[in-house]
Amino acid sequence: MSEPASPSAPATAPAYLTRTQERALALTIAVVTANAYYIHPIIGDVARAFGVGEAEIGLVPALNQLALALGILLLLPLGDFYPNRRLCLIFVAGQTACLAGMVIAPGFIAFTAASTLLGFFTIAPYLIPAFASKRVAPERLGAVTAQLTAAVIFGILVARVGAGIIAEHADWHTVYVGALVLMVGVTAFLPFAMRSETASAKQPPASYRALIASVIALAARHPDMRLSAAIQGLNFGIFTASWLALALHLTGPAMGYGTDDVGYLAAIAAVSVITTPRLGRWADKVGPRRARIVAALVQLAGIALFYPLGFSVWALLVPLFIVNLVGPTVDVTGRMTLFTLAPEIRTRLTTSYIVTMFVGGAVGSAAGTAVYDFGGWAATCGLLLAMSCCVVALSFLAERRWKVASPVHAK
15 MSEPASPSAP ATAPAYLTRT QERALALTIA VVTANAYYIH PIIGDVARAF
65 GVGEAEIGLV PALNQLALAL GILLLLPLGD FYPNRRLCLI FVAGQTACLA
115 GMVIAPGFIA FTAASTLLGF FTIAPYLIPA FASKRVAPER LGAVTAQLTA
165 AVIFGILVAR VGAGIIAEHA DWHTVYVGAL VLMVGVTAFL PFAMRSETAS
215 AKQPPASYRA LIASVIALAA RHPDMRLSAA IQGLNFGIFT ASWLALALHL
265 TGPAMGYGTD DVGYLAAIAA VSVITTPRLG RWADKVGPRR ARIVAALVQL
315 AGIALFYPLG FSVWALLVPL FIVNLVGPTV DVTGRMTLFT LAPEIRTRLT
365 TSYIVTMFVG GAVGSAAGTA VYDFGGWAAT CGLLLAMSCC VVALSFLAER
415 RWKVASPVHA K
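Structural data, given as structure tokens:
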């Protein structure tokens, strides 16, 4: 049996983060998140450089997402019992080493292995918000949390836009050299951005196996969480499948656009940074489940336009705007359904939610490129439409189940 925490080290409230530290943590999240998304606009260039097909190159982002899901399952629960600062420093250093492996990789297998390990260590974006929440004034908690959440979207945006432009004017390898330089900088200044934590009074788990088992057991007891996780898994799969297939479609011989054009097109995601907080406030008013249905239906309408408008970059702006307008709202409303549950289980339920999300992203990465390799843009659009229909159907099912289970709260 574990011994109780020693009373000789009293826990004192840590000092609040300065605004500079808050911005530094947001920048860290953006840089760390970006590593998984550089490949989206340059996937065709990477495939040609290693001499592999379109279906094979899809393994790189797919395995990265699967490894990220595994890392979240095995590593994120440790944040409930061990200092977030120490864990973040370890994981960010591990990511930097893996990115260096991608830069010097002599072939496709080594590149894929390094990318997969990098995904496994991408835990900091999920630990830093927990660290910051204990070091901001209560009245600023929402603002800081929103800032850190926006950093994730910003990191994805910069990665996709920047990678396309750099690869067009230099080469795809330069993209990862630049990413490594950024990660070295983050690794160096992160110890100063994160204040040292005071002695913790948390009781460590009886065993690591028991900790992981509790994550699985809690997920089994909360069907509403499982539905929200399945919806977001499909939603994130749509995101990864659409952008990877779109990069192959636009840079292929039929369309003939450059990777910089793919990067410029990815800038449409900037709409999410602006609209997601506003749509989140709207979801507070109408309820997360009802808001999710509306967002899912609007997203379905946008995806239905991918094929008829998919042969012009300018026309593609219409469905891309629609999908990027409401896609993140599906995730936000899904997370909101978890926040009504007991505080002591939210982290572990969030672990299950995020793991499912990235498994969906991995399946979308593999399926999007494989289906494009098999049937081109038309087949990919059919896949996206089917996945979006499933999101809508599950969203309606989730609201119906909730109304049956909680008739007093249903509007």
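The working numbering numbers the first residue of the sequence shown as 15 and each following residue consecutively.
Beta carbons are placed, not taken as given, at the ideal position from N, Cα and C, and that holds for glycine.
In this text, all values refer to a predicted model and were calculated from it rather than measured experimentally.
Beta-carbon spacing of Ile-56, Ala-181 below 7 Å: yes
Secondary structure of Asp-345, DSSP reduced to three states: helix
Nearest candidate by alpha-carbon position, reference Thr-347, set Leu-311, Arg-303, Ile-336: Arg-303
Burial state of Thr-34, where buried means 16 or more other Cβ atoms lie within 10 Å: exposed
With 16 other Cβ atoms within 10 Å as the buried cut-off, status of Ala-377: Looking at the sequence provided, one finds Val at residue 377 rather than Ala. Buried, because 16 or more other Cβ atoms sit within 10 Å of the Cβ of Val-377.
Secondary structure of Gly-266, DSSP reduced to three states: Annotated three-state conformation of Gly-266 is coil, per DSSP.
Alpha-carbon spacing of Val-60 relative to Ile-71, whole angstroms: 8 Å
Contacts around Ala-281, its chain only, beta-carbon distance under 6 Å, and the 5 residues preceding and following it disregarded: These residues qualify, in order along the chain: Val-175.
Contact check, Leu-82 vs Gly-115, beta carbons under 7 Å: Taking 7 Å as the Cβ cut-off, Leu-82 and Gly-115 do not qualify as a contacting pair.
Buried versus exposed call for Ser-326 [16 or more other C-beta atoms within 10 Å across all chains shown]: exposed
Buried versus exposed, by CB contacts within 10 Å (16 or more), Asp-345: buried
Three-state secondary structure assigned by DSSP to Asn-49: coil
Among Arg-37, Asn-49, Ala-119, the one whose alpha carbon lies nearest that of Ile-142: Arg-37
Length at least 3, wholly inside the stretch 117-192: the beta strand (DSSP E) runs in chain order: none
Distance, Leu-248 Cα to Val-198 Cα: 34 Å
Under 7 Å between C-beta atoms of Ser-409 and Ile-252: no
CB contact flag (Trp-391, His-183, <7 Å): Inclusion of Trp-391 and His-183 in the CB contact set at 7 Å is not warranted, their separation being larger than that value.
Range covered by the alpha helix (DSSP H) that runs through Ile-288: 284-300
Endpoints, alpha helix (DSSP H) assigned at Thr-273: 273-280
Close-in-space but distant-in-sequence residues of the same chain around Trp-416 (CB under 6 Å, 5 per side omitted): Arg-303
Candidates His-236, Thr-361, Thr-383, Ala-407: closest to Ala-309 by CA position: Ala-407
Residue range of the unbroken alpha helix (DSSP H) whose run includes Ala-83: It spans 73-89 - the alpha helix (DSSP H) in which Ala-83 sits, taken as one unbroken run.
DSSP state of Ser-214 mapped onto helix, strand, coil: A caution first: Ser-214 carries a pLDDT of 49, below 50, which makes its placement in the model too unreliable to give a value.
Cβ-Cβ distance between Ser-129 and Val-191 below 7 Å: no
Ser-326 - containing alpha helix (DSSP H), residue span: Element bounds for Ser-326: n/a, residue is neither H nor E.
Reduced DSSP secondary structure (H/G/I, E/B, other) of Tyr-222: helix
Residue closest to Val-189, alpha-carbon to alpha-carbon, out of Leu-241, Gln-161, Pro-205, Thr-273: Thr-273
Per-residue burial, Arg-306 [other beta carbons within 10 Å of its own, 16 or more giving buried]: buried
Option nearest Gln-79 by Cα separation, candidates Tyr-271, Ala-255, Ile-104, Thr-32: Ala-255
Span separating the alpha-carbon of Phe-95 from that of Trp-296: 35 Å
Beta-carbon proximity list for Leu-399, same chain, < 7 Å, skipping 5 on both sides: The residues Ile-317, Ala-318, in chain order, have a CB closer than 7 Å to that of Leu-399 in the same chain once the five nearest residues on each side in sequence are set aside.
CB contact flag (Phe-168, Ala-44, <7 Å): Going by C-beta atoms, Phe-168 is nearer than 7 Å to Ala-44.
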